[in-house]
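Worksheet: the structure to be examined is printed underneath.
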Amino acid sequence: MEKIDSLDRKILKIITQNARIPFKDVADKCGVSRAAVHQRVQRMYDIGVITGSGYNVNAKMLGYQLCVYVGITLEKGSMYNAVIAELEKIPEIVESQFTLGNYSMLIKLYAKDDAHLMYLLNSCIQEIPGVAKTETLTSLEQRIRRSLPIEIIESEEE
218 MEKIDSLDRK ILKIITQNAR IPFKDVADKC GVSRAAVHQR VQRMYDIGVI
268 TGSGYNVNAK MLGYQLCVYV GITLEKGSMY NAVIAELEKI PEIVESQFTL
318 GNYSMLIKLY AKDDAHLMYL LNSCIQEIPG VAKTETLTSL EQRIRRSLPI
368 EIIESEEE
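First residue of the sequence shown: 218, per my numbering; consecutive thereafter.
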């Protein structure tokens, strides 16, 4: 894994706080050229430090009233790849984690209402070969949503 330096961390701290900030403004805050910021950001994409970008959409404004986490227990852990391939076909699923503990997997999905949730659970997820059981947890409210804090190391050895 390639190392990132204090300038990379400073750039990350700025752009994770405001993804829409122009590179010119980032460059001014960092005391470097806009081209340097662009090259650094592109390098961080290339080496996997930055894994995506985009806008956060309010699901409720699109008619999705329920945010749900579903714990999935697989018949066998070796069925993970086949199950995940089927889960990827369900557009309402926005996140998945292969886990240790009570569940083999934990997924996050959005549903328009109770009937839609029942359809997703009974007709989509529980019908996937390898899914032994599910447990549903409904989110009432999300209060914290943020990126990891970026620590800037001032005196760093290269």
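In this text, a Cβ means the ideal position worked out from N, Cα and C, and glycines have one as well. This structure is a prediction, so every number in the text was calculated from the model and none was measured.
Asked: CB contact flag (Ala244, Arg251, <9 angstroms); Found: yes
Asked: Ala328 burial status per 10 Å Cβ neighbour count (16 or more: buried); Found: buried
Asked: Contact between the segment 315–323 and the segment 262–276 (3+ Cβ pairs under 8 angstroms); Found: no
Asked: Proximity below 9 angstroms, CB of Thr353 to CB of Val300; Found: no
Asked: Contact under 9 angstroms by Cβ, Arg226 with Ile342; Found: no
Asked: Buried versus exposed, by CB contacts within 10 Å (16 or more), Glu219; Found: exposed
Asked: Option nearest Asn319 by Cα separation, candidates Ile310, Tyr262, Thr290 and Tyr336; Found: Thr290
Asked: Length of the line joining the Cα atoms of Ser295 and Lys350; Found: 16 angstroms
Asked: As assigned by DSSP and simplified to three states, the class of Gly294; Found: helix
Asked: Leu365 versus Pro239 - alpha carbon distance; Found: 21 angstroms
Asked: Where Glu303 falls: helix, strand or coil (DSSP); Found: helix
Asked: Beta-ladder partner(s) of Phe240, from DSSP; Found: Looking at the DSSP assignment, Phe240 forms no beta bridge with any residue, so it has no partner.
Asked: Proximity winner among Pro308, Leu229, Gln359 and Ser223, relative to Tyr262 (alpha-carbon distances); Found: Leu229
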